[in-house]
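Those letters in the sequence shown? Residues 0 to 553, per numbering that gives the first Met the number 0, in order. Beta carbons are placed, not taken as given, at the ideal position from N, Cα and C, and that holds for glycine. Worksheet: the structure to be examined is printed underneath.
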Amino acid sequence: MSPVLAGVLQLLALIAALALAYRPLGDHMARVYSSEKHYRPEKWIYKAIGANPSAEMRWPAYLRAVLAFSAAGVLFLYLLQRLQGVLPGSLGFVSIDPDQAFNTAASFVANTNWQSYYGEQAMGHVVQTGGLAVQNFVSAAVGMAVAVALVRGFARSRTGELGNFWSDLVRGTVRILLPIAVIGAIVLVACGAIQNFAGIHEVGQFMGGTQQWNGGAVASQEVIKELGTNGGGYFNANSAHPFENPTPFSNLFEVFLILVIPFAMTRTFGRMVGNLRQGYAILATMGVIWIGFTALMMWTEFAHHGPAFDVAGGAMEGKENRFGVGASAIFSVATTLTSTGAVNSFHSSYTGLGGGIQLLGMQLGEIAPGGVGSGLYGMLIMAIIAVFIAGLMVGRTPEYLGKKIGTREIKFAACYILITPALVLCFTAAAMALPTPPNSMLNSGAHGFSEVLYAYTSGANNNGSAFAGLNADTQWFNSTIGIAMLLGRFLPMVFVLALAGSLAEQKPVPETAGTLRTDKPLYTGLLVGTILIVTGLTYFPALALGPLAEGLAA
């Protein structure tokens, strides 16, 4: 079988698996967030934290709860790393330096999982399982909660109440993420991923000497890292490491885990607003972009010219022989079009245009299908921008799902889409202008610039992957990327929740003959075009200096 055909068949199998899971999972999540029943374990959690799960919150209260919970998570994870040297189960590792501890705490709480350290050489069992793995669950649940709050803003009328954050957080963790993670961990263990609390041990000869690895609860952390679109690996090689991702089947299963909740949440959206066709329109938009990016990535990596590439069947540098070009391309697009950041190949070794595709996938806002929760609310923001543009074309006040998109709503949406590009471009410019940060670049020229641009794009968009040629373990990059991750995660949430509150207060507008049908293919095309044009206008100059210049020079 040719490598190209193998890649296409894997893509088709993945689409079929996602299609089978779409309806049951989407409906289940809608029931979870619409139910008024609280299970006994959930009641124990509410009692422990002193929360009333039945009390409705307006958007300022919902936002305060999100920020307070996340701030507590940053503080707890920071202290856990700083105290690692005196904790049991540390495997002899010392405490983490302050700047790196801050960067890691910000990273995992922001659902970014950017790692400027070697996991197997820095973090013991307590920090990995009691700190990082826990944040993999709750940071994902926070994103889902904010998305559901926005959906309620569309579904409700004449009220500013958006639900209860504590209830949404606990239900998302206990009823959605945890059950799937348990089943997924069993599958990964069956495939060969390790799951233990072993210490450091020798595994054999390596280049004339012995090689040492430590064990760990890898399978359980691996599954939630993908399912929650987190991305932080137990080992530095991430999902290219055989302990995390041992077989081609486990590789495809991990891609499935990355995509299944973000895609299924479009059905949850349709079910909660009472119009499944609206969910299908959002799904179609996500699907068109995802499949288009995957096809383009496979083409650039298979078709790259040169004798070595022809012999290998494609651009194999930096890719695992276990997976090949096709599976690596599928994984790469899935992880950069979502906020996952996990890698099964070396992104810096992709062709110039392949690296540009990865960058553009993140710069779209990671909305096709995006992270758990963040992909849906990001896409809904773009849907509002699209109907606003359509309204300008015909001279009519735009409406979406029966809600008027007025001055206030469009300001919130505009602020949302401007925050991340401002963070990325300003921090990249500062890093390139100052004398010290460029010393961290492995390469010079266009590829070196791409390393820095990729780092801040990954951080501000809460992705977490890296070109890996950049030495980001410096005070400058640890601090600035940490700030970019926190601002890139929580500032947009301010405007999402403010928009949700504004929409929930409105009286529904009856549909007329002049109302734009947002559940039709025409609107899907408009939405895809809006996403690509807005992103292209924002990032094209930076992309031209980096991956485009490199690709055209190849």
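Q) Taking just the CA atoms, how far does A104 sit from L74? A) 8 Å
**Asked** By how many angstroms is the C-alpha of L441 removed from the C-alpha of A497?
**Response** 42 Å
Assuming L161 contacts V272 under a Cβ cut-off of 8 Å, what Cβ separation, rounded to an integer in Å, is found between them? Not really, about 14 Å apart at Cβ, beyond 8 Å.
Can you give me the C-alpha to C-alpha distance between G183 and L176, rounded to a whole angstrom? 10 Å
Does the region 190-200 touch the region 98-115, meaning 3 or more C-beta pairs lie closer than 8 Å? no
Provide the residue span of the alpha helix (DSSP H) that contains S501, from first to last. Q474 to E504
Item to check | Whole-number beta carbon distance between A100 and Y117, since they are thought to touch under 8 Å | outcome: Contact flag wrong, Cβ pair sits at about 15 Å.
- Message: Measuring alpha carbon to alpha carbon, tell me which residue in I388, Y349, S348 and Y538 is nearest L515.
- Response: I388
Query raised in the report: Considering only the beta carbon of each residue, do G340 and S464 sit closer than 8 Å?
Result: yes
Using DSSP with H/G/I as helix, E/B as strand and the rest coil, what is G124? Checking the sequence shown, residue 124 turns out to be His, not Gly. Correct three-state label for H124: helix.
Check your understanding: When we look at the beta-carbon of Q83 and count the other beta-carbons within 10 Å, is it buried (16 or more) or exposed?
Key -> buried
- What does Y399 pair with, by DSSP beta-bridge criteria? K402
Spatial neighbours of K506 within its chain, please: C-beta separation below 7 Å, excluding the five flanking residues on both sides. S156 and R157
* Taking all protein chains shown into account, do 16 or more other C-beta atoms lie within 10 angstroms of the C-beta of W253, making it buried, or fewer, making it exposed? -> Contrary to the premise, residue 253 reads as Glu rather than Trp in this sequence. The residue is buried, with at least 16 neighbouring Cβ atoms inside 10 Å.
### Message
Report the CB separation of F255 from A16 in whole angstroms; it is logged as a contact under 8 Å.
### Response
5 Å
Problem set entry | Stretch pair the region 364-378 + the region 344-355: three plus CB contacts closer than 8 Å | no
Identify every run of the alpha helix (DSSP H) within the region 130-165, keeping only runs that are complete inside it and at least 4 residues long; order them along the chain.
132-154
Report the three-state DSSP secondary structure of I199 (helix, strand or coil). strand
* To do: Quickly, what does DSSP pair R57 with across the bridge? List them, please.
  => E160
Excluding the 5 residues flanking L490 on each side, which residues of the same chain have their C-beta closer than 8 Å to its C-beta? I418
task = Return helix, strand or coil for W212, following the three-state DSSP convention.
result = strand
Exercise. Give me the Cα-Cα distance between T337 and A144, rounded to the nearest whole angstrom.
Key: 17 Å
In angstroms with no decimal places, state the Cα-to-Cα distance between Q474 and S34.
47 Å
Q) Under 8 Å, do A280 and T529 count as touching if we go by C-beta distance? A) no
Notebook entry, point to check: In angstroms, rounded to a whole number, what distance separates the CA positions of T406 and Y538?
Noted result: 26 Å
* Asked: Do three or more CB pairs link the region 144-153 to the region 373-384 at distances below 8 Å?
  -> yes
_I need the DSSP call for M315, collapsed to helix, strand or coil._
coil
Checklist entry - Leaving out the 5 sequence neighbours to the left and right, which residues in its chain are closer than 6 Å to A445 when beta-carbon positions are compared? => result G545, A548 and E549
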